[in-house]
Amino acid sequence: MVPPLIGHAKRTRFINVLFCAFQDQENRNARSTAALSAELE
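In this text, residue positions in the sequence shown follow the UniProt record's numbering: the first is 1, and each later residue adds one.
Next comes the structure, spelled out in structure tokens:
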């Protein structure tokens with residue numbers, strides 16, 4: 001049984017890592033979309 005505080009800290013860090021990865025993916029998608037539309041124009 002993990003103490004709630006430690007479990008919460010781990011979960012929060014895990015969510016932060018997921019969120020950062022998601023943001024990074026979004027940024028990459030936005031960049032490639034911008035590059036594509038620039039090529040299309």
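C-beta atoms are modelled at their ideal positions from N, C-alpha and C, and glycine is treated no differently.
May I have the straight-line CA-CA distance separating residue i from residue j, to the nearest angstrom?
i          : j          : result
residue 37 : residue 30 : 11 Å
residue 10 : residue 19 : 14 Å
residue 23 : residue 40 : 26 Å
residue 35 : residue 4  : 46 Å
residue 49 : residue 25 : Residue numbering for the chain in the displayed model covers 1 to 41; residue 49 lies beyond these limits and cannot be assessed.
residue 43 : residue 28 : Given that the chain is displayed from residue 1 to residue 41, the structure contains no residue 43 and the question cannot be resolved.
Tell me the DSSP secondary structure of residue i in three-state form.
i          : result
residue 41 : coil
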